[in-house]
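Below is one structure; the comments refer to it alone.
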Amino acid sequence: MTALPLLLLLAAADPAGGAAGTWSVADGSTISFHLVHKFHSVDGVARAVEGKALLSPDGALQFAVRARVAGFDSGNSNRDAHMLEVVEGARLPFVTLKGTAEGVRADAFPATVDVPLRGALEFHGVTQALDVTAHVRFTAPDRAEVVAEFPVSLTAHGVARPSLLFVKVEDRLAITARLVLAREAR
Amino acid sequence: MRPPVIALLVPLALLVPDRPRCAEPAAPTPPTAAPSPDLKPRPDLDLLLSEPPATVRDRAVEEAVQRRRTLLNVHQAAGLATWGLMAATVVVGQLNYNDLYGGGGYTQRYRETHVALAGATTASFAFTGVLAFAAPKPYPTRPRLDTATVHKVSMALTTLGIVSQIALGYVTHDAPAGVDQRRLAQAHQGVGYATLGAMTIGAVTLLF
Numbered sequence: 136m137t138a139l140p141l142l143l144l145l146a147a148a149d150p151a152g153g154a155a156g157t158w159s160v161a162d163g164s165t166i167s168f169h170l171v172h173k174f175h176s177v178d179g180v181a182r183a184v185e186g187k188a189l190l191s192p193d194g195a196l197q198f199a200v201r202a203r204v205a206g207f208d209s210g211n212s213n214r215d216a217h218m219l220e221v222v223e224g225a226r227l228p229f230v231t232l233k234g235t236a237e238g239v240r241a242d243a244f245p246a247t248v249d250v251p252l253r254g255a256l257e258f259h260g261v262t263q264a265l266d267v268t269a270h271v272r273f274t275a276p277d278r279a280e281v282v283a284e285f286p287v288s289l290t291a292h293g294v295a296r297p298s299l300l301f302v303k304v305e306d307r308l309a310i311t312a313r314l315v316l317a318r319e320a321r
Numbered sequence: 005m006r007p008p009v010i011a012l013l014v015p016l017a018l019l020v021p022d023r024p025r026c027a028e029p030a031a032p033t034p035p036t037a038a039p040s041p042d043l044k045p046r047p048d049l050d051l052l053l054s055e056p057p058a059t060v061r062d063r064a065v066e067e068a069v070q071r072r073r074t075l076l077n078v079h080q081a082a083g084l085a086t087w088g089l090m091a092a093t094v095v096v097g098q099l100n101y102n103d104l105y106g107g108g109g110y111t112q113r114y115r116e117t118h119v120a121l122a123g124a125t126t127a128s129f130a131f132t133g134v135l136a137f138a139a140p141k142p143y144p145t146r147p148r149l150d151t152a153t154v155h156k157v158s159m160a161l162t163t164l165g166i167v168s169q170i171a172l173g174y175v176t177h178d179a180p181a182g183v184d185q186r187r188l189a190q191a192h193q194g195v196g197y198a199t200l201g202a203m204t205i206g207a208v209t210l211l212f
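Residue numbers (the numbering used here), protein chains in the order written: chain E, 136 to 321; chain B, 5 to 212.
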């Protein structure tokens, strides 16, 4: 009888379940973009992604993820160089997403949770608020896969839209982040 | 009752580690065009990542980017014009062939137009190429097989075709006695279509 209140208190103290800790973005993670031009569409992907997430026992999450803009590969070296020109890759080399979330928990593994993230995206030296829902699948207590999709406006970030044959690309950049997270040893 | 409660709280306190630190304001960042007033105070997540070195404006890079963009914009316009001239040269060349060798009466009414168009195409093509070669590369490109490479290879083939056409055109026109002028004209015709094809591939491939 005395064990039950103790267990309840313990559960309340660790609503994050067994997932609390420091998580790192691991190999296999990608951030990709889809860009539409009147004549064609372009997909680019960055495979060198770094980031950390801190999940507290109370379910509070802080995270930061970034990639080098020079790391995006669209399959065309000239186009990638053009993109670096418009995003000023030499001066502003990173695109970074930082933010927080509440109530993140995983009681069993595997577990899938949708996590509303409240963050800020810094791109081309301009920071914009960004709310996005990340689909997180905890495959094991020390492993998780995250998928988040969100649009980014080029002009809102001060990026002059590149053009081909005098036709500018659309303003909307569709971003998909597929992250593999590994929990660091406690 | 007090001692058992304390006994419960002490281990709980040990179980709950400190929340991640929400430390000092972040280091100065580049100016933001649209700060987000509704954002919560952000935790200092910079602690998680080694920050990139502070970067400053490189005037030389910015000027090179500007120059490159200007030259490549003109390159695109000149390239489209060149393609149009090349197509017109081939069409009029076909009419000229029909007139001279296809039972058209050998009136030579297309000859001057064909020569003029060929000259304009050659000059426009050379100008377009010079623009591309003159464009600085502030951001180096990695050599790889991609549509840009296909474009460059196609334009190299087009260059060969145009040079060959100039030679073939003169040889055909001034064919010495005993040489089958019609055969030379057919070769000129075939290379002309191939050159237009190479140029078309080089242009269209950029759309992929």
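Where is the CB? At the ideal position from N, CA and C, for every residue including glycine. Quick caveat, the model's predicted, so the values are computed rather than measured.
Q.
Short of 7 Å Cβ to Cβ, which residues in the region 154 to 181 of chain E face chain B?
A. F174, H175
Q: Return the Cβ separation of G156 (chain E) and E319 (chain E) in integer angstroms, given the expectation that the two are a contact with Cβ distance under 8 Å.
A: By 1-based counting over the first sequence, the position of residue 156 (chain E) is 21. By 1-based counting over the first sequence, the position of residue 319 (chain E) is 184. Yes, G156 (chain E) and E319 (chain E) are in contact; Cβ-Cβ is about 7 Å, under 8 Å.
(Q) According to DSSP, is A37 (chain B) part of a helix, a strand, or is it coil? (A) For this step, residue 37 (chain B) is matched to residue 33 along the second sequence. Its pLDDT being 39, under 50, A37 (chain B) is placed unreliably by the model, and nothing is read from it.
Q) Can you tell which of E:V281, E:D266, E:A291 has its C-alpha closest to the C-alpha of H259 (chain E)? A) Taking the first sequence and counting its residues from 1, one reaches residue 259 (chain E) at position 124. The shortest C-alpha to C-alpha distance from H259 (chain E) to any of E:V281, E:D266, E:A291 is the one to E:A291.
(Q) Quick check on the DSSP output: the beta strand (DSSP E) that includes T231 (chain E) runs from which residue to which? (A) Numbered from 1 along the first sequence, position 96 holds the residue referred to as residue 231 (chain E). From DSSP, the beta strand (DSSP E) with T231 (chain E) extends over 229 to 236.
Q: Locate the alpha helix (DSSP H) running through H80 (chain B), then write down its first and last residues.
A: The residue labelled residue 80 (chain B) in the question sits at position 76 within the second sequence. Reading off the sequence shown, one finds Gln at residue 80 (chain B), where the question assumed His. Note, Q80 (chain B): alpha helix (DSSP H), 63 to 105.
Q | CB contact below 8 Å: G210 (chain E) versus chain B | A | Your numbering for residue 210 (chain E) matches position 75 in the first sequence. It does: the Cβ of G210 (chain E) has a partner Cβ on chain B nearer than 8 Å.
Q.
If the criterion is Cβ atoms closer than 8 Å, does the pair V248 (chain E) and V271 (chain E) meet it?
A. Taking the first sequence and counting its residues from 1, the one referred to as residue 248 (chain E) is at position 113. Taking the first sequence and counting its residues from 1, the one referred to as residue 271 (chain E) is at position 136. Yes. Within cutoff.
(Q) So for E257 (chain E), helix, strand or coil by DSSP? (A) Within the first sequence, the letter at position 122 stands for residue 257 (chain E). Residue state, collapsed to three classes: strand.
Q: Please confirm whether G186 (chain E) and R201 (chain E) have their CB atoms less than 8 Å apart.
A: Working through the first sequence from its first residue, we reach residue 186 (chain E) at position 51. Working through the first sequence from its first residue, we reach residue 201 (chain E) at position 66. Closer than 8 Å, so yes.
Q: Quick one: residues in its chain with C-beta nearer than 7 Å to the C-beta of F285 (chain E), no 5 flanking neighbours on either side, listed in chain order?
A: Numbered from its first residue, the first sequence carries residue 285 (chain E) at position 150. Cβ neighbours of F285 (chain E) beyond the five flanking positions: L265, V267, I310.
Q: Taking G224 (chain E) as the query, report the chain B residues whose CB atoms sit under 9 Å from its CB, ordered along the chain.
A: Position 89 of the first sequence, counting from 1, holds the residue named residue 224 (chain E). Neighbours of G224 (chain E) on chain B, chain order: Y143.
Q.
With a threshold of 8 Å on Cβ separation, who are the neighbours of S128 (chain B) within its own chain once the five nearest residues in sequence on each side are excluded?
A. In the second sequence, residue 128 (chain B) corresponds to position 124, counting from 1. Around S128 (chain B): A82, A85, T86, L89.
Q | Buried or exposed by the 16-neighbour rule on C-beta atoms within 10 Å, applied to V261 (chain E) | A | Along the first sequence, read from residue 1 onward, the residue named residue 261 (chain E) stands at position 126. By the 10 Å Cβ count, V261 (chain E) comes out buried.
Q) Which chain B residues sit within Cβ distance under 8 Å of E220 (chain E)? A) To locate residue 220 (chain E), count along the first sequence from 1; it is residue 85. Here the neighbours are V69, R72, R73, P142, Y143.
Q | Sequence-distant residues of its chain with Cβ nearer than 7 Å to A161 (chain E) (five each side left out) | A | As a working note, residue 161 (chain E) is residue 26 in the first sequence. Excluding sequence neighbours, A161 (chain E) sits near V315, L316, A317.
Q. Is there a Cβ from chain E that is less than 8 Å from the Cβ of T86 (chain B)?
A. On the second sequence, residue 86 (chain B) is found 82 positions in, with the first residue counted as 1. No, its Cβ sits nowhere closer than 8 Å to a Cβ of chain E.
**Q.** As assigned by DSSP and simplified to three states, the class of L300 (chain E)
**A.** Position 165 of the first sequence, counting from 1, holds the residue named residue 300 (chain E). In this structure, L300 (chain E) counts as coil in the three-state DSSP scheme.
Q. What residue does the beta strand (DSSP E) around A188 (chain E) start on, and which one ends it?
A. Here residue 188 (chain E) refers to the residue found at position 53 of the first sequence. Taken as a continuous stretch (DSSP letters only), the beta strand (DSSP E) holding A188 (chain E) covers 184 to 190.
(Q) Can you check whether the C-beta of L316 (chain E) is within less than 8 Å of a C-beta belonging to chain B? (A) Counting from one through the first sequence, the residue named residue 316 (chain E) turns up at place 181. For L316 (chain E), the answer is no, since every Cβ of chain B falls outside 8 Å of its Cβ.
Q. DSSP beta-bridge partners for E168 (chain E)?
A. Along the first sequence, read from residue 1 onward, the residue named residue 168 (chain E) stands at position 33. Looking at the sequence shown, residue 168 (chain E) is not Glu but Phe. Among the bridge pairs identified by DSSP, F168 (chain E) is matched with E:G179, E:I310.
Q) Is V236 (chain E) close to chain B, meaning its C-beta is less than 8 Å from at least one C-beta of that chain? A) In the first sequence, residue 236 (chain E) corresponds to position 101, counting from 1. Here the sequence assigns Ala to residue 236 (chain E), which means Val is not the residue at that position. Taking Cβ atoms only, chain B never reaches closer than 8 Å to A236 (chain E), which makes this a no.
Q: Could you tell me whether the Cβ of A138 (chain B) comes closer than 8 Å to any Cβ of chain E?
A: To locate residue 138 (chain B), count along the second sequence from 1; it is residue 134. Residue-level contact check: A138 (chain B) does not touch chain E, since none of the beta carbons of chain E fall below 8 Å from its beta carbon.
Q) In this structure, does DSSP put S209 (chain E) in helix, strand or coil? A) Here the question's residue 209 (chain E) lines up with position 74 in the first sequence. In the structure shown, S209 (chain E) sits in coil (DSSP, three-state: anything other than H, G, I, E or B).
Q | Partner residues on chain E for V65 (chain B), Cβ-Cβ distance less than 8 Å | A | Taking the second sequence and counting its residues from 1, the one referred to as residue 65 (chain B) is at position 61. Within 8 Å Cβ-Cβ: A225, R226.
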